[in-house]
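Heads up: the sequence lines are chains C and E, in that order.
Taking the working numbering, the leading residue of the first sequence gets 1, the next gets one more, and so forth.
Taking the working numbering, the leading residue of the second sequence gets 1001, the next gets one more, and so forth.
Protein chains: 2
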Amino acid sequence: MTSFNGTYADGPDLAEFAGLLADRTRAAFCLALLDGRAWTASELARTAGVAQSTASAHLDRLVRGGILAEERQGRNRLLRLATADTAEMIESLAARSPYRPTPVRSLTESNRRRTLAHARICYDHLAGALAVAITDAMTELGLLAWDYGPALTAAGRNWLSELGIADDRPDDSWRPHVRMCMDWTEQRPHLAGGVGAALFRHALDSSWLVHRSTTRIVTVTDAGHAALRTRLGLTDDVLACSAAQAGMSKDSGLRQGGT
Amino acid sequence: MTSFNGTYADGPDLAEFAGLLADRTRAAFCLALLDGRAWTASELARTAGVAQSTASAHLDRLVRGGILAEERQGRNRLLRLATADTAEMIESLAARSPYRPTPVRSLTESNRRRTLAHARICYDHLAGALAVAITDAMTELGLLAWDYGPALTAAGRNWLSELGIADDRPDDSWRPHVRMCMDWTEQRPHLAGGVGAALFRHALDSSWLVHRSTTRIVTVTDAGHAALRTRLGLTDDVLACSAAQAGMSKDSGLRQGGT
DNA sequence: GCGTTACTTCGGCCGCTGGCGAAGGGTCCG
DNA sequence: CGGACCCTTCGCCAGCGGCCGAAGTAACGC
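Encoded structure:
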């Protein structure tokens, strides 16, 4: 008698699905995979701080539940988020989730967080303060309009094609090509969807941004500084990693790392 | 050592948030509340088939987590989904969730499911086969365009204003006014967002549709039949509740119930 | 072939979470 | 004021679910 749920027994089993994400370890996997890469099982295990055996079972569940896709490569098990759509859902849940603060343990830790909050990868597009600033600037310049939900204006489409950005279709055609993604550090929307992804790809290809592949951190190159300043009117204080602080040495080191 | 999650310890606590929905009872509450009404605590308890004490604790958690909003009215505790946004999120999770079939226990049970799959309320808009058909018809007639994600065309805006539908802003202005909501019975998108809600409201106001308040079931009136046929070209087989079956007596009874 | 590496399976442990009913506190109504 | 009703608090119980480590299998490289 403890298990019978009367009227609403049939229908979608929301609890089961949500249960997939309702575990620290599995959630850590999904958040890590938000960088869009494919990870191996042991990388994920190490990141989440659990034994391989534990990770293995969790990964089974996530794959079976359709959240992750796996690909076997020899003795490696490669895991990625199943679809862009899935990433979108996880983002939106993450934005609603309470922030779990952890005491800062070191200076490098502090730097990591600051750079992460400034610009990071969010599956296939850019997130963080910089992403929000870009979105704001595009609105300011009349490239984005918000009247009927976020959309590119004619000027916006021109702007993109001047950059040589192919305006390709999103994989799921019924989903908006221009979409907003709630930024969990800024609690404000930033550009996502097909256009957001295309713009991010362009920024990487043009070496405006550099992505060090082991983390989600993205850094702005000198070329990126110039481009974003002239094309979007971004100011230096937005482009630099938040208020000038320690860690500039690291920053500048990374900045000249642009290919 | 069992609880330390290394690198990803800080950041959004996705697991905690997902945990709110990862319980049969709490999920049942949320799904029930998708009808957009405010329910009392005991109504919810009864629907989910748990003791009041159990429900009380669950409701605390859901309110504390920001999923539900509560309002005390004398000795009653009224609960509703916190925002339209919340409803949207729950819908989207429900659409991804596995369908949990339950053996059909009776004829009325079977009828209930059939009518629910045909047309039901989904927070502030219409869902079910009828909603999908309406969306398809609007696309067919060039009222909706999908090129850059779903949007109203100029013709669509005219069509709405001919109906006298105020094209009001959604509460969250950064979210698309025209949005698609994945239908969990049809597994195809139907119209939602501000426009979807306005259209549904109009349909109720004009007595095209009738909503019996104790369930999520919506039925089409004779006026609704006529209107949807002439305005959108819907055919009778879509308008009637799926393939002609038993239960017509009930149907016709409801249909003439239009105010 | 051998050792190494990557992942999986198994058994056992522990703690969290959800369940109940009984009793207690508000609120409403007659 | 008394009874009915709605909700909450409390104590207790049961079971699920996550964790680990050890042993087993499968792939790679020398």
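C-beta atoms are modelled at their ideal positions from N, C-alpha and C, and glycine is treated no differently.
Predicted, not measured: the structure shown is a model, and the values here were computed from it.
Ala151(C) is the residue among Ala151(C), Leu116(C), Leu130(C) whose C-alpha sits nearest the C-alpha of Thr139(C).
In chain order, Arg1026, Arg1061, Leu1062, Gly1065, Ile1067 place their CB closer than 8 Å to the CB of Leu1020(E), counting only its own chain and leaving out the 5 sequence neighbours on each side. For the pair of segments examined, the region 39–53 of chain C was found not to touch the region 1117–1135 of chain E: the number of CB pairs separated by less than 8 Å stays below three. Using beta-carbon distances, Cys1030(E) counts as an interface residue toward chain C, with a partner under 8 Å. In the displayed model, Gln1187(E) falls within coil according to three-state DSSP, outside both helix and strand. Not a single CB atom of chain C sits nearer than 8 Å to the CB of Arg1216(E). Against His1177(E), the close residues of chain C are Tyr148, Gly149, in the order they occur along the chain (beta-carbon pairs closer than 7 Å). In this structure, DSSP gives Gly11(C) an extended state, which the three-state scheme calls strand. Cβ contact annotation for Ser42(C) (same chain, cutoff 7 Å, sequence separation greater than five): Gln52, in chain order. Residues Ile217, Cys241 of the same chain have their beta carbon placed closer than 6 Å to that of Thr115(C), with the five preceding and five following residues left out of the count. Against chain C, the beta carbon of Tyr1099(E) has neighbours under 9 Å at Asp10, Gly11, Pro12, Asp13, listed in chain order. Here Glu91(C) is buried: its Cβ has 16 or more other Cβ atoms, across all protein chains shown, within 10 Å. Look at the beta carbons and you see the region 73–90 of chain C not touching the region 1100–1113 of chain E: under three pairs across the two are nearer than 8 Å. For the options Ala1032(E), Leu1232(E), Asp1237(E), the alpha carbon positioned closest to that of Ala1137(E) is the one of Leu1232(E). Where Leu209(C) is concerned, there is no enclosing alpha helix (DSSP H), although the beta strand (DSSP E) around it starts and stops at 209–211.
Minimum Cα-Cα distance from Ala69(C) among the listed residues Thr153(C), Thr86(C), Ala55(C), Ala22(C) corresponds to Thr86(C).
Burial state of Glu88(C) is buried, judged by a 10 Å Cβ sphere holding 16 or more other Cβ atoms. The continuous stretches of beta strand (DSSP E) do not include Ile1134(E), which lies in the alpha helix (DSSP H) extending over residues 1129–1140. Residues of the region 1073–1101 of chain E with a C-beta atom less than 8 Å from some C-beta of chain C are Met1089, Ile1090, Ser1092, Leu1093, Ala1094, Ala1095, Arg1096, Ser1097, Pro1098, Tyr1099, Arg1100, Pro1101, listed in chain order.
Per the coordinates, the alpha-carbon of Asp1222(E) lies some 36 Å from the alpha-carbon of Tyr1148(E). Here Ala1038(E) carries a coil assignment [DSSP, helix/strand/coil].
Under the DSSP assignment, Thr25(C) falls outside any beta strand (DSSP E), being part of the alpha helix (DSSP H) whose first and last residues are 24–33. One Cα belongs to Asp1035(E), the other to Asp1010(E), and the distance between them is close to 36 Å. When the alpha-carbon of Trp184(C) is set against those of Thr54(C), Ala15(C), His118(C), Leu163(C), the nearest one is in His118(C). When the beta-carbon positions are compared, Ala1015(E) and Ala22(C) come within less than 8 Å of each other.
Asp1147(E) sits in a strand when the DSSP states are folded into three classes. Against chain E, the CB of Trp184(C) has a partner CB under 8 Å away; the residue lies at that interface.
Note that the C-beta distance between Arg175(C) and Asp1013(E) is not below 8 Å. Between Cys1030(E) and the set Ala1045(E), Arg1212(E), Leu1081(E), Asp1236(E), the nearest pair of CA atoms involves Leu1081(E). The alpha-carbon separation between Leu199(C) and Gly1164(E) amounts to approximately 40 Å.
In chain order, Tyr148 make up the part of chain C whose C-beta sits under 9 Å from the C-beta of Leu1152(E). Contact between Leu1143(E) and Thr1153(E) holds: their C-beta atoms lie close to 6 Å from each other, under 8 Å.
For Ala240(C), there is no enclosing alpha helix (DSSP H), as DSSP marks it with neither H nor E.
Under a 10 Å Cβ-count criterion, Arg1072(E) is classified as exposed, with fewer than 16 other Cβ atoms of the shown protein chains found around its own Cβ. The contact set of Asp1023(E) on chain C, defined by CB atoms closer than 7 Å, consists of Ala15 in chain order.
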